[in-house]
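Those sequence lines, one after another, are chains A and B. Take 5 as the starting number for the first sequence in this note's numbering and just add one per residue. Take 5 as the starting number for the second sequence in this note's numbering and just add one per residue. In this text, a Cβ means the ideal position worked out from N, Cα and C, and glycines have one as well. This report refers to the structure that appears directly beneath it.
2 protein chains.
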Amino acid sequence: MENDCRNCAFKTKATSMLSDCSLDQLSANHLELRLKKGDSIIKQGTYSTNVIFLRTGLAKIHLAGPYNEQIVKMVNAPSYLGLPTTFGSKINQYSVTAVSDAEVCYIDLKVFETILDENKEFTREIIQEFCKNELESFRRCANRTQKLIRGNMADALLEFSDKIFKSNTFILPLSQAEFANLVDTSRESVSRVLSEFDKDGIIKINGKKIEILNKETLLLISQKG
Amino acid sequence: MENDCRNCAFKTKATSMLSDCSLDQLSANHLELRLKKGDSIIKQGTYSTNVIFLRTGLAKIHLAGPYNEQIVKMVNAPSYLGLPTTFGSKINQYSVTAVSDAEVCYIDLKVFETILDENKEFTREIIQEFCKNELESFRRCANRTQKLIRGNMADALLEFSDKIFKSNTFILPLSQAEFANLVDTSRESVSRVLSEFDKDGIIKINGKKIEILNKETLLLISQKG
DNA sequence: TACGCAATGTGATACATATCACAAAATAAT
DNA sequence: ATTATTTTGTGATATGTATCACATTGCGTA
Chain A
5 MENDCRNCAF KTKATSMLSD CSLDQLSANH LELRLKKGDS IIKQGTYSTN
55 VIFLRTGLAK IHLAGPYNEQ IVKMVNAPSY LGLPTTFGSK INQYSVTAVS
105 DAEVCYIDLK VFETILDENK EFTREIIQEF CKNELESFRR CANRTQKLIR
155 GNMADALLEF SDKIFKSNTF ILPLSQAEFA NLVDTSRESV SRVLSEFDKD
205 GIIKINGKKI EILNKETLLL ISQKG
Chain B
5 MENDCRNCAF KTKATSMLSD CSLDQLSANH LELRLKKGDS IIKQGTYSTN
55 VIFLRTGLAK IHLAGPYNEQ IVKMVNAPSY LGLPTTFGSK INQYSVTAVS
105 DAEVCYIDLK VFETILDENK EFTREIIQEF CKNELESFRR CANRTQKLIR
155 GNMADALLEF SDKIFKSNTF ILPLSQAEFA NLVDTSRESV SRVLSEFDKD
205 GIIKINGKKI EILNKETLLL ISQKG
């Protein structure tokens with residue numbers, strides 16, 4: 005059975021809590037897709053009744069601001085996407101786009117709801133996830149708006165290193181223009197600050213490859229604004 | 005029975021969905037308090053295992069940013085507070101403070117979890133609430149960081165008028181300094197922009213009382229940055 | 001290999017707004 | 001009532017960064 009969700013169970017605590025019955029239901033009712041970097045997963049303004057499980061890969065959540073497209077969050081697998089849409093207006097209020105190759109499963113909302121109803125542990129996991137996200141968004145709000153560009157850039161680099169790639173060396177999955185939309189600045193400033201950090205020996209840039217040399221200083225910059 | 009949660013049921017869809025059994029359990033296991041303007045409901049950094057139900061009144065959610073205290077959100081009753089804490093680390097990651105007189109109920113997390121487990125409709129309501137919050141935070145993120153001060157001020161005024169007080173005339177429940185922390189600007193800029201809006205006939209200021217005279221213009225300012 | 005388009009580096013200028021510095025007014029305390 | 005303390009109004013200056021302009025490099029494609 006190729007599409008057996010049991011094979012997925014090890015990758016996420018949440019899924020591993022599902023009852024056999026629910027796992028079977030899930031296996032029978034989902035569509036799995038392989039996506040390439042740049043492919044759209046969710047498109048703002050379109051209709052949807054699917055919950056999407058990001059099985060592998062990295063994605064950006066972004067939406068139209070008054071002037072620019074704003075990236076509000078980077079998400080890496082495993083993670084559920086699109087819950088606010090499916091539990092809300094059914095019109096996607098934001099876009100999600102793969103920034104690396106990715107595998108996603110489309111699960112019908114009805115099925116997902118049934119599974120929620122029948123798996124308390126799973127429901128609690130999902131709620132906890134929401135809670136974590138809310139806290140994160142609060143912190144992000146306080147940080148982004150108060151810090152100067154260098155601080156926000158430092159933040160973003162640390163997040164990539166610690167949270168997304170879990171390595172001091174990684175390949176920036178965003179163009180500088182995209183990076184600017186994540187950090188709330190201009191493309192040019194991203195370029196400048198990146199050069200500065202390199203010149204100061206805090207990071208080493210090699211094309212799109214970034215190595216973090218001095219995490220302490222980066223943390224300091226992040227904290228001081 | 006003074007503390008009967010049934011009396012509360014009409015005020016919130018969520019509560020009205022609870023089973024009789026759960027309502028009894030809730031009635032027997034909660035502490036109700038009357039608070040005055042300025043009283044702390046949740047304090048960042050302290051330990052807590054209570055979910056808090058804001059029964060009446062208006063509160064601000066705020067936390068320490070790198071430089072200032074940042075208000076991330078205004079919340080009016082009826083609403084649950086502190087879920088991210090109780091479902092997470094048990095240490096409050098943000099503060100909540102009453103900005104008007106308020107009534108709150110402290111519900112033990114265990115009791116709340118039991119009620120969640122036993123009331124699917126209620127659980128779904130809570131999840132939907134989380135979804136709404138997430139969308140709101142995304143939008144806020146895109147707006148706050150891209151708009152100029154006038155735009156954010158217009159936003160905030162419209163939110164007070166439409167969402168919080170549901171009236172064109174209201175008394176600002178925040179000092180200008182607090183308002184600045186909500187809108188991500190300086191106390192002086194709040195003063196200046198408020199005067200501008202008044203001079204331009206968009207709003208009428210009378211001490212702490214604000215009347216919105218020209219909502220269309222305000223909306224325009226909000227959209228144009 | 002050569003071409004064209006997209007992504008990046010970097011200076012000069014413009015501008016929104018934070019900050020500083022007080023004055024005035026309003027609130028609270030004695 | 002009088003003083004003290006907090007809140008608000010408003011000008012002048014400083015500053016971080018967006019914007020514009022163009023050079024340069026990298027990259028996919030014919």
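Output the boundary residues of the alpha helix (DSSP H) element that contains leucine 161 of chain B.
Here residue 161 of chain B corresponds to residue number 157 of the second sequence, with the count starting at 1. Taken as a continuous stretch (DSSP letters only), the alpha helix (DSSP H) holding leucine 161 of chain B covers 153–163.
Assign methionine 5 of chain A to one of two classes, buried (16 or more other C-beta atoms within 10 Å of its C-beta) or exposed (fewer than that).
Position 1 of the first sequence holds residue 5 of chain A. At methionine 5 of chain A, the pLDDT of 47 sits below 50, so the modelled position is not reliable; the number obtained from the coordinates is stated separately. Exposed, by the Cβ-count rule.
Looking only at its own chain, which residues have a Cβ that is under 6 angstroms from the Cβ of glutamate 36 of chain A, when we skip the five neighbours before and after it?
For the purposes of this step, residue 36 of chain A is identified with residue 32 of the first sequence, where counting begins at 1. Once the five neighbours on either side are set aside, the close Cβ partners of glutamate 36 of chain A are Cys109.
Should alanine 32 of chain A go down as buried or exposed, given a rule of 16 or more other Cβ atoms within 10 Å for buried?
The residue labelled residue 32 of chain A in the question sits at position 28 within the first sequence. Looking at its Cβ environment, which holds fewer than 16 other Cβ atoms inside 10 Å, alanine 32 of chain A is exposed.
Between the region 153–162 of chain A and the region 104–120 of chain B, can you find at least three pairs of beta-carbon atoms closer than 8 angstroms?
no
Thinking C-alpha only, which one of A/Phe91, A/Arg128 and A/Asp43 is nearest valine 103 of chain A?
For the purposes of this step, residue 103 of chain A is taken as the residue at position 99 of the first sequence. Comparing Cα positions, the closest option is A/Asp43.
List the endpoints of the continuous alpha helix (DSSP H) containing cysteine 135 of chain B.
Here residue 135 of chain B corresponds to residue number 131 of the second sequence, with the count starting at 1. Start and end: 124–150.
Should proline 177 of chain A be flagged as near chain B, meaning a C-beta pair shorter than 8 angstroms?
Residue 177 of chain A sits at position 173 when you count from the first residue of the first sequence. With 8 angstroms as the cut-off, proline 177 of chain A does not count as an interface residue toward chain B.
Taking glutamate 168 of chain B as the reference, which of B/Asn11, B/Glu73 and B/Asn80 has the closest Cα?
The sequence position of residue 168 of chain B within the second sequence is 164, counting from 1. Residue identity check: residue 168 of chain B is isoleucine in the sequence provided, not glutamate. Comparing Cα-Cα distances from isoleucine 168 of chain B to each of B/Asn11, B/Glu73 and B/Asn80, the minimum goes to B/Asn80.
Do glutamine 29 of chain B and isoleucine 130 of chain B have their CB atoms nearer than 8 angstroms?
Residue mapping note: residue 29 of chain B aligns to position 25 of the second sequence, counting from 1. Residue mapping note: residue 130 of chain B aligns to position 126 of the second sequence, counting from 1. No, the Cβ-Cβ distance between glutamine 29 of chain B and isoleucine 130 of chain B is not below 8 angstroms.
Tell me, please, whether the CB atom of valine 115 of chain B is closer than 8 angstroms to any CB atom in chain A?
Along the second sequence, one-based indexing puts residue 115 of chain B at 111. No, because no Cβ of chain A sits closer than 8 angstroms to the Cβ of valine 115 of chain B.
Using three-state DSSP, classify glutamine 180 of chain A as helix, strand or coil.
Numbered from 1 along the first sequence, position 176 holds the residue referred to as residue 180 of chain A. In the displayed model, glutamine 180 of chain A falls within a helix according to three-state DSSP.
What residue does the alpha helix (DSSP H) around lysine 203 of chain A start on, and which one ends it?
Mapped onto the first sequence, residue 203 of chain A falls at position 199. From DSSP, the alpha helix (DSSP H) with lysine 203 of chain A extends over 191–203.
Within its chain, find whatever has a CB closer than 7 angstroms to the CB of serine 26 of chain B; leave out the 5 residues flanking it on each side and keep chain order.
Sequence index remark: in the second sequence, residue 26 of chain B carries index 22 (1-based). These residues qualify, in order along the chain: Ile119, Glu122 and Asn123.
My parser needs the alpha helix (DSSP H) runs of 4 or more residues fully inside the region 13–47 of chain B; what are they?
17–20 and 24–32
My output table needs one value for serine 83 of chain B: the three-state DSSP class, helix, strand or coil.
Working through the second sequence from its first residue, we reach residue 83 of chain B at position 79. DSSP places serine 83 of chain B in strand when its eight states are reduced to three.
Using DSSP bridges, identify the partner residues of tyrosine 98 of chain A.
The count along the first sequence starts at 1 and reaches residue 98 of chain A at position 94. According to DSSP, tyrosine 98 of chain A bridges with nothing at all.
Hey, how far is the Cα of threonine 127 of chain A from the Cα of asparagine 11 of chain B?
What you label residue 127 of chain A is simply residue 123 of the first sequence in a count that begins at 1. What you label residue 11 of chain B is simply residue 7 of the second sequence in a count that begins at 1. Each residue's Cα considered, the two are about 28 angstroms apart.
Which bits of chain B does cysteine 145 of chain A rub up against, with CB to CB less than 8 angstroms?
Indexing the first sequence from 1 puts residue 145 of chain A at position 141. Correct list: Gln74, Val76, Ser141, Arg144, Cys145 and Arg148.
Between isoleucine 209 of chain B and chain A, is the shortest Cβ-Cβ distance under 8 angstroms, so that the two count as touching?
Here the question's residue 209 of chain B lines up with position 205 in the second sequence. Closer than 8 angstroms: no.
Classify isoleucine 46 of chain A: buried if its beta carbon has 16 or more other beta carbons within 10 angstroms, exposed otherwise.
Counting from one through the first sequence, the residue named residue 46 of chain A turns up at place 42. Classification of isoleucine 46 of chain A: buried, given that the 10 Å Cβ count is 16 or more.
If the criterion is Cβ atoms closer than 8 angstroms, does the pair valine 194 of chain A and alanine 184 of chain A meet it?
Indexing the first sequence from 1 puts residue 194 of chain A at position 190. Indexing the first sequence from 1 puts residue 184 of chain A at position 180. Against a cut-off of 8 angstroms, the Cβ pair of alanine 184 of chain A and valine 194 of chain A comes out as a contact.
Are any of the Cβ atoms in chain B nearer than 8 angstroms to that of isoleucine 131 of chain A?
Counting from one through the first sequence, the residue named residue 131 of chain A turns up at place 127. Output row for isoleucine 131 of chain A: interface = yes.
Would you mind stating whether glutamine 150 of chain A and tyrosine 51 of chain B have Cβ atoms separated by less than 8 angstroms?
Counting from one through the first sequence, the residue named residue 150 of chain A turns up at place 146. Counting from one through the second sequence, the residue named residue 51 of chain B turns up at place 47. Not closer than 8 angstroms, so no.
Would you kindly report the start and end of the unbroken beta strand (DSSP E) that includes threonine 60 of chain A?
Start at 1 with the first residue of the first sequence, and residue 60 of chain A comes out as number 56. 54–60 is the span of the beta strand (DSSP E), which, as asked, contains threonine 60 of chain A.
Going by DSSP in three states, glycine 168 of chain A sits in which element: helix, strand or coil?
For the purposes of this step, residue 168 of chain A is taken as the residue at position 164 of the first sequence. For the sequence presented, residue 168 of chain A should be read as isoleucine rather than glycine. For isoleucine 168 of chain A, the three-state secondary structure derived from DSSP is helix.
Is the CB-CB distance between leucine 85 of chain B and glutamine 74 of chain B below 8 angstroms?
Within the second sequence, numbered from 1, the residue matching residue 85 of chain B stands at position 81. Within the second sequence, numbered from 1, the residue matching residue 74 of chain B stands at position 70. Result no, Cβ atoms of leucine 85 of chain B and glutamine 74 of chain B do not sit closer than 8 angstroms.
Assign isoleucine 175 of chain B to buried or exposed, taking buried as 16 or more other Cβ atoms, counted over all protein chains shown, within 10 Å of its Cβ.
Sequence index remark: in the second sequence, residue 175 of chain B carries index 171 (1-based). Exposed.
Over what stretch of residues does the beta strand (DSSP E) that includes isoleucine 225 of chain A continue unbroken?
The residue you call residue 225 of chain A lines up with position 221 of the first sequence. Element bounds for isoleucine 225 of chain A: not the beta strand (DSSP E) but the alpha helix (DSSP H), 219–228.
Compare the beta carbon distance of glutamate 182 of chain B and proline 88 of chain A with 8 angstroms and say whether it is the shorter of the two.
Residue mapping note: residue 182 of chain B aligns to position 178 of the second sequence, counting from 1. Residue mapping note: residue 88 of chain A aligns to position 84 of the first sequence, counting from 1. Cβ atoms of glutamate 182 of chain B and proline 88 of chain A: not closer than 8 angstroms.
Could you tell me which chain A residues have their CB closer than 7 angstroms to the CB of asparagine 137 of chain B, listed as they occur along the chain?
Residue mapping note: residue 137 of chain B aligns to position 133 of the second sequence, counting from 1. Simply Glu138.
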